[in-house]
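Each remark here refers to the structure printed beneath this line.
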């Protein structure tokens with residue numbers, strides 16, 4: 001056997017990859033598992049999006065290599081989308097780079113800006129990929145606390161007291177926050193930009209949940225001096241039920257994007273033409289789409305709240321996004337709890353600990369299940 005690269009010893013297989021093997025094995029043995037753990041949209045994309053990809057198959061350029069920067073009309077659609085929904089003006093030529101999902105953007109940004117030993121500020125709790133990518137590129141994760149008593153927002157004074165920021169190059173933020181669903185106020189964005197300026201840090205806002213059960217979508221790029229110190233990632237996965245299509249984008253100052261394209265252009269050969277055409281249609285959807293989408297999620301969330309209560313959990317009704325973050329009774333451990341529910345009730349829920357140590361004592365429900373499944377879960381628990 002050939003030995004693996006040392007970098008692989010710094011990371012583990014993604015939790016959901018491992019846990020779903022167990023869940024699928026239970027299914028194979030006849031267990032009627034209800035999966036409320038994964039945030040993979042089960043709804044359909046807009047019909048016009050599907051039509052666009054079908055119609056594109058006969059275009060003369062459909063099956064050729066595509067530009068690393070994406071179709072000009074896709075970048076224009078992204079710029080229009082940001083102008084309409086976030087009041088942010090972006091140049092489609094220089095300030096937008098389409099991605100094959102925003103997850104790849106995390107790797108591209110890290111490879112473009114991080115050297116071995118550089119520090120990276122990562123939220124705890126937060127998306128596990130920030131940590132694994134940081135380790136894979138040889139940088140050093142530095143976790144900053146998010147806690148319920150601070151409404152899951154960072155305390156910048158405490159952060160500056162407890163961390164040596166001299167080697168920090170990147171800070172990951174993610175609002176609306178996954179897994180807690182917290183929406184950051186305007187002051188937070190102003191504060192984090194000033195923090196980045198003081199310490200010469202590149203802040204990256206990972207922003208894929210803005211339109212799910214959230215009345216006030218915000219982009220960090222709207223705030224004063226943001227483009228000097230910040231990038232933003234966004235995705236069509238959640239907003240348009242296109243998770244498997246892998247369409248995302250990174251926005252910001254042209255000099256930053258020029259560095260990212262150096263990485264990206266050595267890792268792929270452009271996004272499939274038909275997917276780009278479908279993405280354009282999605283970005284041009286009317287407001288009716290968002291109303292329709294959220295009406296479904298509102299019904300599901302109400303049921304998940306009932307399920308959480310049946311499990312003796314508490315939750316925040318002001319939280320947004322396609323998850324419900326729920327607090328367990330005191331002294332109950334997250335992973336032990338979800339394993340018990342999986343064994344006794346055949347319901348899979350995500351433990352809060354997979355998002356960091358501050359997730360202990362919490363669990364996360366996904367809203368990506370039909371109402372009938374959630375109602376069945378409630379019946380099993382009751």
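Residue numbers (the UniProt record's numbering): 1 to 382. We put the beta carbon where it would ideally sit given N, CA and C, even for glycine.
Between the options, which lies nearest to residue i when the distance is taken from Cα to Cα?
| i | options | result |
| --- | --- | --- |
| residue 432 | 215, 296, 216 and 225 | Given that the chain is displayed from residue 1 to residue 382, the structure contains no residue 432 and the question cannot be resolved. |
| residue 138 | 9, 295 and 330 | 9 |
| residue 334 | 208, 269, 211 and 362 | 362 |
| residue 147 | 182, 169, 165 and 120 | 182 |
| residue 327 | 348, 353, 343 and 302 | 353 |
| residue 209 | 41, 25 and 28 | 41 |
| residue 177 | 18, 4 and 125 | 125 |
| residue 107 | 242, 25 and 233 | 233 |
| residue 281 | 21, 165 and 52 | 52 |
| residue 128 | 369, 321, 16 and 330 | 16 |
| residue 104 | 299, 247 and 329 | 247 |
| residue 269 | 3, 47 and 98 | 98 |
| residue 312 | 332, 321 and 323 | 332 |
| residue 170 | 154, 231, 150 and 184 | 231 |
| residue 349 | 4, 160 and 23 | 23 |
Go through its chain and collect everything with a Cβ distance to residue i's Cβ below 7 Å, but skip five positions before and after it.
| i | result |
| --- | --- |
| residue 254 | 94 and 95 |
| residue 310 | 378, 381 and 382 |
| residue 227 | 221, 252 and 253 |
| residue 385 | In the structure as shown, the chain starts at 1 and stops at 382, and residue 385 therefore has no counterpart that could be examined. |
| residue 284 | 77 |
| residue 156 | 191 and 195 |
| residue 74 | 98, 276, 279 and 280 |
| residue 70 | 98, 271 and 276 |
Please return the same chain residues whose Cβ sits closer than 6 Å to the Cβ of residue i, not counting the five positions on each side in sequence.
| i | result |
| --- | --- |
| residue 163 | 142 |
| residue 82 | 88 and 90 |
| residue 290 | 211 |
| residue 243 | 40, 41 and 237 |
Quick one: give me the first and last residue of the beta strand (DSSP E) that residue i is part of.
| i | result |
| --- | --- |
| residue 107 | No beta strand (DSSP E) holds residue 107; the alpha helix (DSSP H) holding it covers 102-113. |
| residue 206 | 202-206 |
| residue 169 | 168-173 |
| residue 140 | 140-145 |
| residue 237 | Taken as a continuous stretch (DSSP letters only), residue 237 belongs to no beta strand (DSSP E), as it is neither H nor E. |
Starting from residue i and walking both ways along the alpha helix (DSSP H), at which residues does that stretch end?
| i | result |
| --- | --- |
| residue 196 | 186-199 |
| residue 2 | No alpha helix (DSSP H) contains residue 2, which DSSP labels as neither H nor E. |
| residue 380 | 371-381 |
| residue 158 | 156-162 |
| residue 257 | 254-264 |
Contact between the segment 125-135 and the segment 10-26 (3+ Cβ pairs under 8 Å) = yes
query = For the segment 281-345, which segments carrying the alpha helix (DSSP H) assignment without a break, of at least 4 residues, lie completely within its bounds, in sequence order?
reply = 287-310 and 334-345
inquiry  = Extract the residue ranges of the alpha helix (DSSP H) inside the segment 26-82, only unbroken runs of 4 or more that lie entirely within it.
reply    = 47-56
query = Quick check: the segment 203-214 against the segment 59-73, are there 3 or more CB pairs under 8 Å?
reply = no
task = Determine, using beta-carbon pairs with one atom in the segment 225-239 and one in the segment 25-37, whether at least three such pairs fall under 8 Å.
result = no
request  = Say whether the segment 263-277 touches the segment 104-115, bearing in mind that this needs 3 or more beta-carbon pairs closer than 8 Å, one atom from each stretch.
outcome  = yes
inquiry  = Under 8 Å, with one C-beta from each stretch per pair, do the segment 53-62 and the segment 271-279 reach the 3-pair mark?
reply    = yes
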